[in-house]
Every structure is written in structure tokens, then in C-alpha cells.
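Residues in the sequence shown are numbered consecutively from 1, following this note's numbering. Note that the Cβ used here is the ideal one computed from N, Cα and C, for glycine as well.
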Amino acid sequence: MRLCVIGAGYVGLVTATCFAEMGNQVMCVERDPFRLARLAKGQAPLYEPGLESMLQDQVAAGRLGFTASLAEGIDRADVIFIAVGTPSGEDGSADLSHVLEVAEELGAGLKRPCLVVDKSTVPVGTAERVADRIHSGLAARGLGFRVEVASNPEFLKEGSAIEDFMRPDRVVIGCESPEAAECLRRLYAPFLRNHDRLLVMGLRAAEFTKYAANAFLATKISFMNEMAGICARLEVDIEEVRRGVGSDKRIGTHFIYAGCGYGGSCFPKDVRALIRTAEQEGIEPGILRAVEARNALQKTLLYQSVREHFNGFLKGRVIALWGLAFKPGTDDLREAPSLVLLEALLQAGARVRAHDPVANAGVAARFPRAVETGQLRLDDSPYEVTDGADALVLVTEWKQFRQPNFERIRGLMRMPVIFDGRNLYEPEQLVESGFVYRGVGRPQRGHCKATAA
Ligand code: UDX
Numbered sequence: 001m002r003l004c005v006i007g008a009g010y011v012g013l014v015t016a017t018c019f020a021e022m023g024n025q026v027m028c029v030e031r032d033p034f035r036l037a038r039l040a041k042g043q044a045p046l047y048e049p050g051l052e053s054m055l056q057d058q059v060a061a062g063r064l065g066f067t068a069s070l071a072e073g074i075d076r077a078d079v080i081f082i083a084v085g086t087p088s089g090e091d092g093s094a095d096l097s098h099v100l101e102v103a104e105e106l107g108a109g110l111k112r113p114c115l116v117v118d119k120s121t122v123p124v125g126t127a128e129r130v131a132d133r134i135h136s137g138l139a140a141r142g143l144g145f146r147v148e149v150a151s152n153p154e155f156l157k158e159g160s161a162i163e164d165f166m167r168p169d170r171v172v173i174g175c176e177s178p179e180a181a182e183c184l185r186r187l188y189a190p191f192l193r194n195h196d197r198l199l200v201m202g203l204r205a206a207e208f209t210k211y212a213a214n215a216f217l218a219t220k221i222s223f224m225n226e227m228a229g230i231c232a233r234l235e236v237d238i239e240e241v242r243r244g245v246g247s248d249k250r251i252g253t254h255f256i257y258a259g260c261g262y263g264g265s266c267f268p269k270d271v272r273a274l275i276r277t278a279e280q281e282g283i284e285p286g287i288l289r290a291v292e293a294r295n296a297l298q299k300t301l302l303y304q305s306v307r308e309h310f311n312g313f314l315k316g317r318v319i320a321l322w323g324l325a326f327k328p329g330t331d332d333l334r335e336a337p338s339l340v341l342l343e344a345l346l347q348a349g350a351r352v353r354a355h356d357p358v359a360n361a362g363v364a365a366r367f368p369r370a371v372e373t374g375q376l377r378l379d380d381s382p383y384e385v386t387d388g389a390d391a392l393v394l395v396t397e398w399k400q401f402r403q404p405n406f407e408r409i410r411g412l413m414r415m416p417v418i419f420d421g422r423n424l425y426e427p428e429q430l431v432e433s434g435f436v437y438r439g440v441g442r443p444q445r446g447h448c449k450a451t452a453a
């Protein structure tokens with residue numbers, strides 16, 4: 001099929017590349033000159049394992065192209081995917097300006113019938129608004145053909161985006177006509193060869209499904225974070241509890257890991273947007289508000305824990321951070337817990353030495369003053385940052401942090417204290433290696449001698 005994907009962000013670029021990989025002819029429209037210039041050189045403008053080489057292969061095979069021109073992108077396309085951003089507006093609702101702008105341009109530019117598909121996460125009713133805009137544009141040009149707008153929300157996760165797209169748990173299609181359903185069924189067939197997990201439903205149900213799914217996952221996390229808070233007071237280890245509850249099939253083992261809060265481009269934004277939708281409909285979204293409030297609190301706990309450990313005196317303390325991206329496998333810093341911690345540590349006068357395998361540059365750009373004065377130093381080596389440190393804080397659980405050389409770290413640190421923001425480590429092992437260990441929702445282990453200034 002001939003496809004056009006509008007927007008080369010996470011969702012758009014992965015969608016375009018994976019459809020090309022399956023043999024489709026794909027044009028991807030990107031307006032940002034910086035992104036486009038990188039794409040023209042075969043470079044992915046974002047860090048995502050496996051994406052760049054697949055993209056290069058598809059460009060070389062002539063199946064994937066990039067352009068700044070929407071007219072060029074949609075020319076001869078059978079299916080047009082809208083995959084532009086829907087950031088949080090000032091009141092928390094999804095800002096649809098990019099989506100509606102694209103709809104207007106489609107109304108002004110389409111020359112023949114085609115299927116338009118919303119892949120961006122958009123509130124219920126957006127597909128209808130997109131269709132209205134397209135049709136008024138067509139009518140203004142004296143064109144009478146109909147363009148159907150379908151909804152096909154994307155569930156991929158950053159860091160495993162290719163794998164998620166190639167082997168989806170399910171593909172949700174919301175549409176009005178059997179023809180649109182059939183067209184998308186054919187397009188997705190190669191991804192669902194051994195299991196038919198294509199769910200066709202109403203347009204509005206598809207749009208809502210994405211919000212409900214993300215809000216539910218965020219709820220699981222906030223729930224476990226709250227349980228962790230209670231566990232910590234009761235001298236109970238949340239990790240034992242997690243294994244205990246997760247083995248119940250009705251609960252499941254995924255997304256029940258307590259930590260330092262969820263971040264990223266989806267959960268925070270989508271929970272906020274759903275709260276706004278509920279409010280607009282006169283529904284009090286009590287659960288969603290609690291999920292959000294718990295997450296905001298959770299992001300402050302690592303700092304509180306470090307502060308408490310040093311009896312409130314952080315000025316001049318050297319704090320090492322491991323992991324800055326909102327999760328492993330990405331350089332994305334949007335709503336990352338590390339930013340809340342960094343802000344607080346710098347504010348308190350601590351000296352921060354941080355390392356992330358891919359997100360150092362992004363953090364340096366966000367804290368230019370601290371980098372300039374030397375209060376914040378970003379380093380390429382995880383060991384280097386522990387040299388002379390009064391504490392080490394694990395914020396993002398990259399694989400390379402799983403089994404570090406603890407002996408070496410203990411030798412380098414001024415005080416061997418580890419704050420484990422993801423409960424990545426076995427407390428007993430760390431205590432045996434001479435560390436004080438503090439996790440999230442776990443009893444403190446090891447002797448605390450680190451209160452002297
Ligand atoms: C999420 C959804 O999973 C995906 O389906 C949707 O398309 C986009 O939003 P993503 O934001 O890429 O994907 O990351 P995800 O792996 O879901 O993690 C989100 C956040 O939750 C991260 O900050 C992660 O650290 C945190 N998390 C996840 C926990 O704190 N505990 C868990 O058990 C799982």
C-alpha cells in the first residue's frame with residue numbers, strides 16, 4: 001500500500017519505518033528542519049534501540065522517504081496517518097492544535113478519496129472534528145468526495161518501540177465503514193500473522209481505549225507506590241509483597257513495580273487529559289486525581305530520603321546519580337523523576353555528579369547554569385561519578401547498572417550509601433559489600449554512619 005505518515009516523532013517514525021519494513025511504500029512528513037536534516041542523513045532524531053538501522057535499510061530499499069511538504073507526502077497515498085503531538089494544554093487537556101492544523105491542510109490539499117487515520121492520542125470526538133475540517137476544506141474547493149477518518153491508537157513503549165509495533169498485544173481500530181476496517185486489517189495482517197488480535201470497534205471507543213489503558217497502568221503504579229509507602233513504615237519489603245500479589249493471575253506481574261514515580265510523554269499527559277475530560281462531563285475523577293497526586297509525591301521521595309539521611313544538610317555534599325532518562329532504553333527526559341531530584345539537590349546546594357548512558361546531553365541543556373558553575377557534572381563513566389561521593393542514587397534502572405562492581409564503587413565513594421529508586425538491588429548483597437541500603441518501600445539495611453558533615 002502507499003502510505004503517508006504525518007509527523008516523525010516517536011509514534012510517527014516507528015510507524016513509518018515498520019510499515020516500510022513490511023513492504024509498504026511510505027512517505028513521512030516532518031516539518032521540523034532539524035529533524036528532517038537528520039533523517040535525510042539516515043539518522044534517527046531520537047534514541048530508540050534498533051530504529052536507526054531499520055530506517056537506513058528502508059530508505060536504501062526505496063520504501064521510506066521523508067519530506068517537509070504535506071502535498072508531496074499525501075500525493076498518491078491510500079492511507080494517511082496523523083501522528084503529530086498532542087501535548088498538555090494549560091488546563092491539562094490535550095492540545096489538538098497540531099492535529100486540527102493537519103486536518104485543515106488535508107482539506108486544502110487532498111485530491112482524491114483516501115483513508116485518514118488518527119494515530120495520535122486524542123480525546124473522544126477528535127476523529128469527527130478532523131473529518132469535519134477535511135470536508136469543509138474539500139467543499140470550499142468544490143470537491144464532493146468523502147474521506148473517512150478512523151482511529152488507530154498506538155500502544156508502543158519507548159525503549160521497546162520496534163518490538164511493540166512488530167508484535168503488538170493488540171491493534172485497536174475504530175471506524176465507521178467495513179471498507180475502512182478491511183483496509184486496516186490488510187495493512188496490519190503481517191504484524192498479526194499467528195494471532196488475530198485486531199479489535200474493530202466504534203470510533204469513540206477506540207479513542208477512549210487509549211486513555212483508559214494508560215490511566216489504568218498509571219493507576220497500578222501509583223497504587224503500588226502507595227503500598228510501598230505503607231510498607232516502609234511497617235518494616236515490610238514491598239518487593240516481597242509485589243511477588244506475592246503479582247502471582248495472582250487477576251493482578252498480573254506487569255506494572256506493579258514501586259519506584260520513584262512514572263514519567264514520559266504519555267502517562268502524565270494522558271492522566272491529566274482524562275481528568276479534564278471527566279471534569280468537562282461533570283464527573284469527579286477521584287481515582288485519577290489520586291493517581292496523579294501520588295505520582296507527584298513519589299517523585300519527591302528520593303530527595304526527601306537523601307535529605308533525611310544527611311539530617312537536612314546537603315550543602316557541599318557530593319551526590320552521584322545513576323540514570324536520568326525517564327526509563328531505560330531512551331534519552332527521553334519528559335517528566336522524568338530525575339529532574340525533580342536534580343532540581344531539589346541543586347537548590348539545596350549539593351554537588352551532583354550524574355551519569356546516564358544516553359541522556360547526559362539533554363540534562364546538561366536543561367541545567368546550563370549548574371553545569372557552568374560546576375555544581376552539576378555529567379560524566380560518561382558510571383564509576384567516575386561515584387569518586388568521592390557521599391551517596392549514590394539509582395534513578396533509572398538501565399541494564400548496565402544491574403550488576404556493577406560494588407567493591408570498586410565502595411572503594412571510590414567517600415561514604416558507601418546507596419539510594420535505590422527502583423529497588424534494583426538485593427539489599428543483603430549490598431550490606432555484605434559494606435553499603436548502607438535504602439530502597440523504595442523497603443526497610444533500611446546496613447549501618448548509617450553518614451550523618452556527620
Ligand atoms: C506508555 C505505555 O506503556 C504505552 O502503551 C503507551 O503507548 C505510551 O505510554 P512509555 O511511556 O514509553 O509507554 O513507558 P512505560 O514503559 O509504560 O513506562 C512509563 C513509566 O512508568 C516509566 O517512568 C516507568 O519507569 C514507570 N513504571 C513502569 C513504574 O514506575 N513501575 C512499573 O511497574 C512500570
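CA-CA distance, residue i and residue j?
i: Val-147; j: Arg-233; result: 59 Å
i: Thr-300; j: Arg-442; result: 17 Å
i: Thr-451; j: Ala-60; result: Because Thr-451 carries a pLDDT of 44, less than 50, the predicted location of this residue cannot be relied on, and no value is offered for it.
i: Ala-453; j: Pro-45; result: A caution first: Ala-453 carries a pLDDT of 40, below 50, which makes its placement in the model unreliable, though a value can still be read off. The straight-line gap from Cα to Cα measures roughly 44 Å.
i: Gly-12; j: Met-27; result: 11 Å
i: Glu-284; j: Tyr-211; result: 16 Å
i: Phe-208; j: Ile-173; result: 12 Å
i: Gly-261; j: Ser-222; result: 8 Å
i: Ser-120; j: Tyr-10; result: 10 Å
i: Arg-2; j: Ala-103; result: 19 Å
i: Leu-100; j: Ala-71; result: 16 Å
i: Leu-106; j: Asp-95; result: 19 Å
i: Gly-89; j: His-98; result: 12 Å
i: Ile-251; j: Arg-242; result: 10 Å
i: Ala-228; j: Leu-39; result: 43 Å
i: Ala-206; j: Tyr-383; result: 47 Å
i: Arg-185; j: Ala-127; result: 19 Å
i: Ser-160; j: Gly-374; result: 35 Å
i: Ser-151; j: Arg-193; result: 22 Å
i: Arg-289; j: Gln-347; result: 28 Å
i: Glu-30; j: Ser-265; result: 19 Å
Would you mind giving the Cβ-Cβ distance between residue i and residue j, rounded to the nearest angstrom? I have them listed as a contact below 8 Å.
i: Val-318; j: Ala-354; result: Not a contact, Cβ separation roughly 11 Å.
i: Tyr-188; j: Val-171; result: 5 Å
i: Ile-409; j: Leu-424; result: Ile-409 to Leu-424, Cβ: 14 Å. No contact.
i: Val-417; j: His-309; result: 7 Å
i: Ala-320; j: Ala-389; result: 4 Å
i: Asn-225; j: Ala-258; result: 5 Å
i: Asp-331; j: Ala-359; result: 5 Å
When you compare each of the options to residue i by their alpha carbons, which one comes out closest?
i: Cys-114; options: Val-122, Ile-134, Glu-128 and Val-124; result: Ile-134
i: Arg-167; options: Glu-179, Thr-15, Pro-404 and Ala-61; result: Thr-15
i: Val-91; options: Ala-361, Gln-298 and Thr-277; result: This sequence places Asp at residue 91; Val is not what is there. Asp-91 has its Cα closest to that of Thr-277, out of Ala-361, Gln-298 and Thr-277.
i: Gly-7; options: Leu-333, Asn-360 and Gly-73; result: Gly-73
i: Ile-238; options: Pro-382, Arg-31, Arg-438 and Val-29; result: Arg-438
i: Leu-217; options: Leu-110, Leu-198 and Val-271; result: Val-271
i: Cys-231; options: Arg-112, Pro-404, Gln-444 and His-254; result: Gln-444
i: Phe-267; options: Lys-327, Glu-308 and Ser-97; result: Lys-327
i: Phe-165; options: Glu-48, Gly-85, Val-79 and Arg-204; result: Glu-48
i: Arg-377; options: Gln-400, Arg-351 and Thr-396; result: Arg-351
i: Asn-405; options: Gly-434, Val-395 and Gln-43; result: Gly-434
i: Arg-63; options: Gly-137, Glu-428, Ser-53 and Glu-21; result: Glu-21
i: Ala-77; options: Gly-50, Leu-110 and Leu-51; result: Leu-110
i: Asp-118; options: Leu-138, Glu-154, Asp-132 and Arg-141; result: Glu-154
i: Asp-196; options: Asp-169, Cys-175 and Ser-69; result: Asp-169
i: Ala-108; options: Leu-143, Ile-80, Leu-394 and Gly-85; result: Leu-143
Consider the C-beta atom of residue i and the heavy atoms of the ligand UDX; say whether any pair is separated by less than 7 Å.
i: Asn-311; result: no
i: Cys-18; result: no
i: Cys-266; result: yes
i: Gly-229; result: no
i: Tyr-188; result: no
i: Tyr-437; result: no
i: Tyr-211; result: no
i: Lys-399; result: no
i: Ile-508; result: The structure shown has nothing for residue 508, since the chain only spans 1 to 453.
i: Lys-327; result: yes
i: Glu-154; result: yes
i: Asn-214; result: yes
i: Lys-157; result: yes
i: Ile-221; result: yes
i: Tyr-47; result: no
i: Ile-454; result: Because residue 454 is not part of the residues shown, which for the chain are 1 to 453, the question remains open.
For this session: Return the chain-ordered ranges of every alpha helix (DSSP H) run that is complete within the region 328 to 404 and spans a minimum of 4 residues.
Result: 337 to 347, 360 to 366 and 368 to 373
For this session: Counting only runs of 4+ residues fully inside the region 58 to 128, write out the alpha helix (DSSP H) ranges in chain order.
Result: 70 to 74 and 97 to 109
For this session: Let me know the alpha helix (DSSP H) ranges lying completely inside the region 244 to 325, each 4 residues or longer, listed in chain order.
Result: 267 to 280 and 286 to 309
Problem set entry | Complete beta strand (DSSP E) runs within the region 184 to 246 (minimum length 3 residues, chain order) | 198 to 201
Exercise. Could you give the uninterrupted runs of the alpha helix (DSSP H) lying entirely in the region 10 to 38, keeping only those of 4 residues or more?
Worked result: 10 to 21
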